[in-house]
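Engineer: Every letter in the sequence shown is one number past the one before it in the numbering used here, and letter 575, counting from 1, is 599. One structure coming up, written as structure tokens, with questions to follow.
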Amino acid sequence: MSAGTKGGYTARDIEVLEGLEPVRKRPSMYIGAVDSNGLHHLLWEIVDNSVDEHLAGECDRIVVTLHKDGCSLTVSDNGRGIPVDVHPKLKRPALEIILTTLHSGGKFSNKNYAHSGGLHGVGSSVVNALSTEMTATVHRDGHEWFQRFKAGRPTTALQKVRPFRGRGTAIFFRPDDTIFRKTTYDPAVIRERLEDMSYVHGGLTLVFNDEVRKESVEYLHPDGLLGYLAKLVGDGSKKPVTEAVFTADREDPQGKIGVVLRWTEATDEEVRSYANGIRTRGGGTHEVGLKSAIVKAVKNYLEIHNKIPKGIQLTSEDIREGLVAILSVFVPEPMFQGQTKEKLNNPEITAQVDSLVRPGLENWFNSNPNLADAIIGRMVLAARARMASRDAVLEVRRKTPATRRSTLPGKLFDCLSNRPEECELFIVEGQSAGGTAVRGRDGKTQAILPLRGKILNTESLATAKALVNQELRDLLESLGTGVGERFDMRALRYHKIILLMDADSDGNHIMTLLLCFFFRHMRELIRAGHVFLAQPPLYRIAVGKEIHYALSDADKEAYLATLPANRTPEIMRFKGLGEMPHQHLAETTLSPATRILLRVDIDAQLEADKTFDQLLGKDPSLRYELIMSEANLISEEELDI
Ligand code: 0RA
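Structure follows, in structure tokens:
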């Protein structure tokens with residue numbers, strides 16, 4: 025930890041803007057939404073303030089504690105402590121002003137690039153406004169200080185509690201359950217974010233105490249991004265092409281950029297980017313700069329050394345295949361874009377990243393020719409594989425009658441409506457199940473796509489190769505969005521895409537392959553909440569006139585146990601969807617009035633990543649076991665009734 029306080033701070037530096045009523049009136053304007061994301065946003069706002077202290081060189085440890093109730097939290101740090109001196113005009117302590125007004129805090133208005141994402145210091149008062157209770161405990165100026173708040177208003181004055189030698193801040197808050205739909209925090213989400221932060225802010229220790237589950241973890245990675253890359257490549261799922269890692273760093277008044285990368289034998293490309301410490305899953309201008317710098321550096325190197333492979337046109341995709349890269353930038357005023365604010369939109373950063381990475385990478389190649397040759401060999405292989413799969417695609421095209429081309433696939437039973445919001449696509453397995461579904465559906469809004477052939481395991485395939493598979497191509501044509509670079513969510517023809525498979529191991533396998541395809545190649549669909557699992561019943565149990573459907577054996581047993589001894593149930597087991605009377609399928613699984621759908625959700629993305637690797641990666645025995653025990657991708661709370 026570096027010592028010394030940059031520039032004296034006084035309460036005068038705080039520019040007061042307004043009170044907190046607007047925040048309670050329109051919370052979503054400040055935190056995005058009052059859903060689980062918004063709830064977690066509160067925590068990130070508080071943590072970001074502590075991270076700012078770290079970036080100022082004043083704090084090296086942040087502790088997040090989730091209390092027993094599962095919804096209240098304490099965030100503490102060993103920074104300078106929130107200032108407690110009295111504002112000369114407002115005659116109130118700085119701490120109280122910081123936590124009760126929408127302000128631009130003094131330390132944030134000096135255009136210091138070193139602040140984290142969030143709301144640049146307005147954050148903690150927003151959290152206060154949306155909490156039934158908040159307390160601040162500050163160690164500073166030789167004392168412990170304390171103040172309590174309710175819904176953004178002080179309920180005590182700032183108290184000088186006792187003499188105290190250390191320094192730091194602890195903020196406790198309990199989100200307001202009259203504002204949030206659900207106030208319980210997800211420990212997996214918290215852990216993932218804190219772990220990410222520990223890599224991006226190398227040297228900062230982040231601790232998570234989960235008092236609900238009585239668990240505690242500590243994240244510290246002094247070697248920062250390099251450690252992150254080692255983790256991404258080192259778990260055995262990706263074989264590196266060379267041992268060498270390329271790194272580049274720059275820090276100047278305009279910002280800070282860090283890059284680490286290496287090539288692997290994997291057939292996908294994995295770029296993780298961050299802006300001001302926040303993961304930018306949607307990429308953005310910084311990622312564009314990185315990708316184009318890499319491509320240009322490789323092309324320049326090939327040209328200068330006369331190494332352009334003969335008869336092969338290397339595309340950008342070939343060059344970046346197998347690449348694993350981590351990019352972290354800090355900019356003075358980050359602009360985030362997109363529905364989930366996960367895309368960086370600062371135009372100036374593209375050229376800054378490019379000018380760091382391009383010459384650096386060329387240099388790296390020039391001074392390590394053997395390594396450069398190995399990496400280029402990898403790219404040539406990628407190009408060959410691509411050309412082979414393109415030929416395969418053209419082959420299938422030629423066999424398809426011209427009239428069907430670029431229209432909907434012949435086996436799709438489309439619905440009449442062309443309003444995507446109300447349209448649903450059921451993907452079913454096999455012709456007979458397809459027949460049942462077609463008879464049971466509401467033809468106005470429900471379309472059926474029966475899959476007849478095998479679905480390719482696309483876990484480790486580039487998208488172009490995945491689409492050699494006829495079934496996946498039919499699926500894609502039905503959806504209408506296109507894929508990869510050309511993916512366009514606005515063209516989506518159905519807002520609900522529902523996987524309807526038999527409740528047996530084959531059905532599970534197909535479902536997993538489809539989920540894998542969506543996850544690896546059309547992740548936006550899952551993220552936007554368009555992908556669902558249907559839940560067809562396994563049993564129909566009739567007791568007199570009363571009908572009960574059971575989803576599983578356990579479900580059946582549980583129901584039978586509730587029956588009085590004198591009733592004899594009539595139990596029917598559905599062997600498969602194909603053998604189910606279509607009326608039964610309609611009332612249990614298809615009809616929006618009576619069905620229950622599970623929405624597929626990626627809460628902790630890392631977890632999901634791992635699950636698919638395990639499911640569809642190398643080891644087939646592991647795979648089977650996991651499929652049977654079901655991927656943990658499904659949030660049962662997200663019910664659509
Ligand atoms: C305003 C000014 C200074 C520090 C902080 C706020 C501060 C805020 C938080 C929130 C959580 N932990 C925090 N630690 C510090 C600078 C104070 C100075 O110059 O001494």
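For each residue, glycine too, the CB sits at the ideal point set by N, CA and C. On a predicted model such as this, the values are computed, not experimentally measured, just so you know.
Per the contact definition of three or more C-beta pairs closer than 8 Å, is the region 558-570 in contact with the region 602-621?
Structural biologist: yes
Engineer: Pair every Cβ in the region 292-304 with every Cβ in the region 342-361, then say whether three or more of these pairs are closer than 8 Å.
Structural biologist: yes
Engineer: Quick check: the Cα distance between tyrosine 209 and arginine 198, rounded to an integer number of angstroms?
Structural biologist: As a working mapping, residue 209 is identified with position 185 in the sequence shown. As a working mapping, residue 198 is identified with position 174 in the sequence shown. Roughly 11 Å between the two C-alpha positions.
Engineer: Short check: CB of arginine 215 to CB of valine 241, under 8 Å?
Structural biologist: By 1-based counting over the sequence shown, the position of residue 215 is 191. By 1-based counting over the sequence shown, the position of residue 241 is 217. Yes.
Engineer: Roughly how many angstroms lie between the CA atoms of leucine 539 and glycine 454, to the nearest whole one?
Structural biologist: The residue labelled residue 539 in the question sits at position 515 within the sequence shown. The residue labelled residue 454 in the question sits at position 430 within the sequence shown. For leucine 539 and glycine 454, the distance between alpha carbons rounds to 17 Å.
Engineer: In terms of residue numbering, what span does the beta strand (DSSP E) encompassing glutamine 337 cover?
Structural biologist: Within the sequence shown, the letter at position 313 stands for residue 337. Per DSSP, glutamine 337 belongs to no beta strand (DSSP E) and is neither H nor E.
Engineer: Which residues share a DSSP beta bridge with tryptophan 169?
Structural biologist: Position 145 of the sequence shown, counted from the first residue, corresponds to residue 169. In the DSSP output, where bridge partners are listed per residue, tryptophan 169 has Val162, Lys184.
Engineer: Could you give the distance in angstroms between the alpha-carbon of aspartate 59 and the alpha-carbon of arginine 205?
Structural biologist: Here residue 59 refers to the residue found at position 35 of the sequence shown. Here residue 205 refers to the residue found at position 181 of the sequence shown. One C-alpha to the other measures close to 6 Å.
Engineer: Taking the Cβ atom as the reference point for each residue, do leucine 100 and threonine 193 lie within a distance shorter than 8 Å?
Structural biologist: Translated into the one-based positions of the sequence shown, residue 100 becomes position 76. Translated into the one-based positions of the sequence shown, residue 193 becomes position 169. A small fix is needed here, since residue 100 is serine in this sequence, not leucine. Taking 8 Å as the Cβ cut-off, serine 100 and threonine 193 qualify as a contacting pair.
Engineer: For valine 151, report the span of its alpha helix (DSSP H) as first-last.
Structural biologist: Residue numbering aside, residue 151 sits at position 127 when the sequence shown is read from its first letter. Segment 147-153, the alpha helix (DSSP H) holding valine 151.
Engineer: Are threonine 291 and glutamate 341 touching if we call contact CB-CB under 8 Å?
Structural biologist: On the sequence shown, residue 291 is found 267 positions in, with the first residue counted as 1. On the sequence shown, residue 341 is found 317 positions in, with the first residue counted as 1. No, these two residues do not count as a Cβ contact at 8 Å.
Engineer: Please check the pair tryptophan 169 and leucine 119, which I expect to be a contact at CB under 8 Å, by giving their CB distance rounded to whole angstroms.
Structural biologist: Indexing the sequence shown from 1 puts residue 169 at position 145. Indexing the sequence shown from 1 puts residue 119 at position 95. Their Cβ separation, rounded to whole angstroms, is 7 Å, which keeps tryptophan 169 and leucine 119 in contact under 8 Å.
Engineer: So if DSSP puts tyrosine 563 in a beta bridge, which residue, or which two residues, is it bridged to?
Structural biologist: As a working note, residue 563 is residue 539 in the sequence shown. Answer is Ala574, Arg597, bridged to tyrosine 563.
Engineer: Assign aspartate 577 to one of two classes, buried (16 or more other C-beta atoms within 10 Å of its C-beta) or exposed (fewer than that).
Structural biologist: Numbered from its first residue, the sequence shown carries residue 577 at position 553. So aspartate 577 counts as exposed.
Engineer: Assuming leucine 351 is part of the beta strand (DSSP E), what are its boundary residues?
Structural biologist: Within the sequence shown, the letter at position 327 stands for residue 351. First-last of the beta strand (DSSP E) with leucine 351: 347-354.
Engineer: Tell whether a beta-carbon distance below 8 Å holds between valine 283 and leucine 253.
Structural biologist: What you label residue 283 is simply residue 259 of the sequence shown in a count that begins at 1. What you label residue 253 is simply residue 229 of the sequence shown in a count that begins at 1. Cβ distance not < 8 Å, so valine 283 and leucine 253 don't count as in contact.
Engineer: Below 7 Å CB to CB, which residues in the same chain sit around isoleucine 472 once its five sequence neighbours on both sides are set aside?
Structural biologist: Indexing the sequence shown from 1 puts residue 472 at position 448. Only Phe437, Phe450, Val452, Gly458, Ala461, Val462, Arg465 meet the Cβ criterion.
Engineer: Is there at least one non-hydrogen atom of the ligand 0RA closer than 7 Å to the beta-carbon of glutamate 77?
Structural biologist: As a working note, residue 77 is residue 53 in the sequence shown. The beta carbon of glutamate 77 sits closer than 7 Å to at least one heavy atom of the ligand 0RA.
Engineer: Starting from asparagine 233, follow the beta strand (DSSP E) in both directions and report where the run begins and ends.
Structural biologist: The residue you call residue 233 lines up with position 209 of the sequence shown. Where asparagine 233 is concerned, the enclosing beta strand (DSSP E) stretches over 229-234.
Engineer: Return the bridge partner residues of threonine 89 from the DSSP annotation.
Structural biologist: If you number the sequence shown from 1, residue 89 lands on position 65. Paired residues: Thr98, Asn233.
Engineer: Alanine 317 and arginine 382: beta carbons closer than 8 Å?
Structural biologist: Taking the first residue of the sequence shown as 1, we reach residue 317 at position 293. Taking the first residue of the sequence shown as 1, we reach residue 382 at position 358. Yes. Within cutoff.
Engineer: Cβ-heavy atom distance between lysine 514 and the ligand 0RA below 7 Å?
Structural biologist: Residue numbering aside, residue 514 sits at position 490 when the sequence shown is read from its first letter. Note that residue 514 is arginine in the sequence shown, not lysine. Result no, Cβ not under 7 Å from the ligand 0RA.
Engineer: Take the Cβ of alanine 589 as the centre, count every other Cβ of all protein chains shown within 10 Å, and call the residue buried at 16 or more, exposed below.
Structural biologist: Position 565 of the sequence shown, counted from the start, is the residue given in the question as residue 589. Alanine 589 should be labelled exposed.
Engineer: Sort Glu289, Lys315, Ser148, Ala610 by Cα distance to valine 265 and report the nearest one.
Structural biologist: Numbered from 1 along the sequence shown, position 241 holds the residue referred to as residue 265. Among Glu289, Lys315, Ser148, Ala610, the Cα nearest to that of valine 265 is on Glu289.
Engineer: Pick out whichever of Thr207, Lys435, Gly248 has its Cα sitting closest to the Cα of alanine 227.
Structural biologist: Here residue 227 refers to the residue found at position 203 of the sequence shown. One detail in the question is off: residue 227 reads as glycine in this sequence, not alanine. Considering only alpha carbons, the answer is Gly248.
Engineer: Could you tell me the alpha carbon to alpha carbon distance between glutamine 376 and leucine 314, rounded to whole angstroms?
Structural biologist: Translated into positions along the sequence shown, residue 376 becomes position 352. Translated into positions along the sequence shown, residue 314 becomes position 290. Approximately 9 Å between the Cα atoms of the pair.
Engineer: Taking DSSP as the reference, what is the three-state secondary structure of leucine 126?
Structural biologist: For the purposes of this step, residue 126 is taken as residue 102 along the sequence shown, with counting starting at 1. Strand.
Engineer: Secondary structure at aspartate 276, three-state DSSP: helix, strand or coil?
Structural biologist: In the sequence shown, the residue the question calls residue 276 occupies position 252. Strand at aspartate 276.
Engineer: Just to confirm my understanding: we take leucine 523, look at its own chain, exclude 5 residues before and 5 after, and list those with CB closer than 6 Å. What are they?
Structural biologist: Working through the sequence shown from its first residue, we reach residue 523 at position 499. For leucine 523, where only same-chain residues beyond five positions count, the Cβ hits under 6 Å are Ile451, Met535, Leu538, Leu557.
Engineer: Would you report the Cα separation of tyrosine 583 and arginine 544, rounded to the nearest angstrom?
Structural biologist: As a working note, residue 583 is residue 559 in the sequence shown. As a working note, residue 544 is residue 520 in the sequence shown. Tyrosine 583 and arginine 544: Cα-Cα distance of roughly 39 Å.
Engineer: Does the ligand 0RA have even one heavy atom less than 7 Å from the beta-carbon of proline 107?
Structural biologist: Locating residue 107 in the sequence shown gives position 83, counting from the first residue. The answer is yes for proline 107.
Engineer: Round the Cβ separation of glutamate 82 and arginine 104 to the nearest angstrom and send it over; I've been treating them as touching at under 8 Å.
Structural biologist: Taking the first residue of the sequence shown as position 1, residue 82 is located at position 58. Taking the first residue of the sequence shown as position 1, residue 104 is located at position 80. So it is a contact: roughly 5 Å between Cβ atoms.
Engineer: Are the beta-carbon atoms of leucine 432 and serine 502 separated by less than 8 Å?
Structural biologist: Locating residue 432 in the sequence shown gives position 408, where the first residue counts as 1. Locating residue 502 in the sequence shown gives position 478, where the first residue counts as 1. For the pair leucine 432 and serine 502, the CB atoms are nearer than the 8 Å cut-off.
Engineer: Could you tell me if histidine 53 is buried or exposed, where buried requires 16 or more neighbouring beta carbons within 10 angstroms of its beta carbon?
Structural biologist: Taking the first residue of the sequence shown as 1, we reach residue 53 at position 29. Reading the sequence as shown, one finds methionine at residue 53 and not histidine. Methionine 53 is exposed by the Cβ-count criterion.
Engineer: What whole-angstrom Cβ distance do leucine 562 and arginine 591 have, given they're in contact under 8 Å?
Structural biologist: The sequence position of residue 562 within the sequence shown is 538, counting from 1. The sequence position of residue 591 within the sequence shown is 567, counting from 1. That belief does not hold up - the Cβ atoms of leucine 562 and arginine 591 are roughly 21 Å apart, past 8 Å.
Engineer: Which residues share a DSSP beta bridge with glutamate 157?
Structural biologist: Position 133 of the sequence shown, counted from the start, is the residue given in the question as residue 157. Per DSSP, Arg198.
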